[in-house]
Amino acid sequence: GDSVTQMEGPVTLSEEAFLTINCTYTATGYPSLFWYVQYPGEGLQLLLKATKADDKGSNKGFEATYRKETTSFHLEKGSVQVSDSAVYFCALSGGSSNTGKLIFGQGTTLQVKP
Amino acid sequence: DAEITQSPRHKITETGRQVTLACHQTWNHNNMFWYRQDLGHGLRLIHYSYGVQDTNKGEVSDGYSVSRSNTEDLPLTLESAASSQTSVYFCASSSGTAVAEAFFGQGTRLTVV
Chain A
262 GDSVTQMEGP
272 VTLSEEAFLT
282 INCTYTATGY
292 PSLFWYVQYP
302 GEGLQLLLKA
312 TKADDKGSNK
322 GFEATYRKET
332 TSFHLEKGSV
342 QVSDSAVYFC
352 ALSGGSSNTG
362 KLIFGQGTTL
372 QVKP
Chain B
535 DAEITQSPRH
545 KITETGRQVT
555 LACHQTWNHN
565 NMFWYRQDLG
575 HGLRLIHYSY
585 GVQDTNKGEV
595 SDGYSVSRSN
605 TEDLPLTLES
615 AASSQTSVYF
625 CASSSGTAVA
635 EAFFGQGTRL
645 TVV
């Protein structure tokens, strides 16, 4: 079945450092890919998405490119802030079934220190 | 504004009791989902629904049930609570296509003692 694998956390960075969180997926068909963010004590909210190969999703300085050849959707940000501290989830939908069922990775905790 | 709400936010119950967690959305979304979040496991799908009267099992459905009698609500019932069901539970909804964003509730923290 479809699955998503994220890099293990936690990731600890200093403010203004470069961030990469790796995400790879396994799916049949042509899934859509998402990054969700969860701030402490809150539910998940969409950060960005890409719906076809070579698409780049971007939001709030974060970017991720849908790479079908490497089945990857790595999250990047050039300069992180303390306010970016959160848990980040990579997810896919529409792989083996063309529906909105989301399959999540394990989540990566990011801690940014001043 | 449309929203998705869960209740209660926190619940402590005893082993063996039946517990129901509520989820209500005003987006008029066809799809609704229940996930549980546990350290080291991310979010795991419990049950989901693609519309009224439709329910499906997810990867960790044992011990849980749902029913969908209207578009707005998908209550999650733990038939006989077990300590292994101590977790944070999230409800989500989406419009029904593979590209659609899912909207999440704030979560319910359930403790089974």
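Chains A and B, in that order, are what the protein sequence lines are.
According to the working numbering, the first sequence holds residues 262 to 375 in order.
According to the working numbering, the second sequence holds residues 535 to 647 in order.
Backbone N, C-alpha and C define an ideal beta-carbon position, used for all residues, glycine too.
Alpha carbon to alpha carbon, how far is residue i from residue j?
| i | j | result |
| --- | --- | --- |
| threonine 289 of chain A | methionine 566 of chain B | 23 Å |
| threonine 539 of chain B | phenylalanine 638 of chain B | 8 Å |
| glutamine 267 of chain A | valine 373 of chain A | 19 Å |
| leucine 305 of chain A | asparagine 283 of chain A | 19 Å |
| tyrosine 569 of chain B | glycine 366 of chain A | 13 Å |
| valine 633 of chain B | valine 272 of chain A | 29 Å |
| leucine 336 of chain A | glutamate 548 of chain B | 41 Å |
| threonine 331 of chain A | valine 265 of chain A | 13 Å |
| lysine 329 of chain A | serine 614 of chain B | 44 Å |
| serine 344 of chain A | glutamate 635 of chain B | 23 Å |
| cysteine 625 of chain B | cysteine 557 of chain B | 6 Å |
| tyrosine 349 of chain A | aspartate 316 of chain A | 20 Å |
| glycine 550 of chain B | glycine 574 of chain B | 26 Å |
| tryptophan 296 of chain A | glycine 361 of chain A | 15 Å |
| asparagine 604 of chain B | glutamine 587 of chain B | 8 Å |
In chain B, which residues lie with their C-beta within 7 Å of the C-beta of residue i?
| i | result |
| --- | --- |
| glycine 261 of chain A | Any question about residue 261 of chain A goes unanswered here, given that chain A covers just 262 to 375. |
Hey, could you find the ends of the beta strand (DSSP E) residue i is sitting in?
| i | result |
| --- | --- |
| valine 600 of chain B | 598-600 |
| glycine 262 of chain A | Neither: glycine 262 of chain A is in no beta strand (DSSP E) and is coded neither H nor E. |
| alanine 325 of chain A | 323-326 |
| asparagine 564 of chain B | Neither: asparagine 564 of chain B is in no beta strand (DSSP E) and is coded neither H nor E. |
| arginine 643 of chain B | 642-646 |
| aspartate 588 of chain B | 588-591 |
| leucine 573 of chain B | From DSSP, leucine 573 of chain B is part of no beta strand (DSSP E); its letter is neither H nor E. |
| phenylalanine 619 of chain B | The amino acid at residue 619 of chain B is misidentified as phenylalanine; the sequence shows glutamine. Where glutamine 619 of chain B is concerned, there is no enclosing beta strand (DSSP E), given that its DSSP letter is neither H nor E. |
| asparagine 320 of chain A | 317-320 |
| lysine 338 of chain A | 336-338 |
| glutamine 306 of chain A | 305-311 |
| valine 272 of chain A | 272-275 |
| glutamine 372 of chain A | 369-374 |
Less than 8 Å separating the Cβ of residue i from some heavy atom of the ligand ATP?
| i | result |
| --- | --- |
| glutamate 269 of chain A | Of the ligands one can find in the structure shown there are none, so the ligand ATP has no counterpart to examine. |
Give me the chain A residues within the contact set of residue i, using Cβ-Cβ distance strictly less than 7 Å, ordered along the chain.
| i | result |
| --- | --- |
| glycine 641 of chain B | Gly304 |
| serine 628 of chain B | Gly361 |
I want to verify the contact list: residues of chain B whose CB lies under 8 Å from the CB of residue i, in sequence order.
| i | result |
| --- | --- |
| lysine 374 of chain A | None at all; the shortest Cβ gap to chain B is about 22 Å. |
In its own chain, which residues sit with a C-beta less than 6 Å from the C-beta of residue i, not counting the 5 before and 5 after it?
| i | result |
| --- | --- |
| glycine 318 of chain A | Leu309, Lys310, Ala311, Ala325 |
| serine 583 of chain B | Met566, Thr589, Arg602, Leu608 |
Considering only residues of the same chain and omitting the five flanking positions on each side of residue i, which have a CB-CB separation below 7 Å?
| i | result |
| --- | --- |
| aspartate 572 of chain B | Ser621 |
| alanine 314 of chain A | Tyr327, Lys329 |
Can you name the residues of chain A whose CB is closer than 9 Å to the CB of residue i?
| i | result |
| --- | --- |
| alanine 636 of chain B | Phe295, Tyr297, Leu305, Leu307, Ala352, Ser354, Gly361, Leu363 |
| leucine 644 of chain B | Under the 9 Å cutoff, chain A gives no residues; its nearest Cβ is about 15 Å from leucine 644 of chain B. |
Could you name the residues of the same chain whose beta carbon sits closer than 8 Å to that of residue i, not counting the 5 residues immediately before and after it, in chain order?
| i | result |
| --- | --- |
| proline 292 of chain A | Asp263, Tyr286, Leu353, Ser354, Gly355, Gly356 |
| aspartate 560 of chain B | The residue asked about is misnamed: residue 560 of chain B is threonine in this sequence, not aspartate. Here the set comprises Ala536, Glu537, Ile538, Glu606. |
| arginine 543 of chain B | Gln640, Gly641, Thr642, Arg643 |
Counting only Cβ pairs nearer than 8 Å, list the residues of chain A close to residue i.
| i | result |
| --- | --- |
| leucine 610 of chain B | Simply none; closest approach about 15 Å. |
Of all the residues that make up the stretch 336-368 of chain A, which are near chain B by a beta-carbon distance shorter than 7 Å? Of all residues in the stretch 336-368 of chain A, only Phe350, Ser354, Gly355, Asn359, Thr360, Gly361, Lys362, Leu363, Phe365, Gly366, Gln367, Gly368 place a beta-carbon less than 7 Å from a beta-carbon of chain B.
Identify each residue in the stretch 310-325 of chain A for which the Cβ-Cβ distance to at least one residue of chain B is less than 8 Å, and report them in chain order. Listed in sequence order: Lys310, Thr312.
Please name the residues in the stretch 580-606 of chain B whose beta-carbon is closer than 9 Å to at least one beta-carbon of chain A, in chain order. Answer set for the stretch 580-606 of chain B: Tyr582, Tyr584, Asn590, Gly592, Glu593.
In the stretch 539-569 of chain B, which residues sit with their C-beta less than 8 Å from some C-beta in chain A, listed in chain order? Flagged, chain order: Asn565, Phe567, Tyr569.
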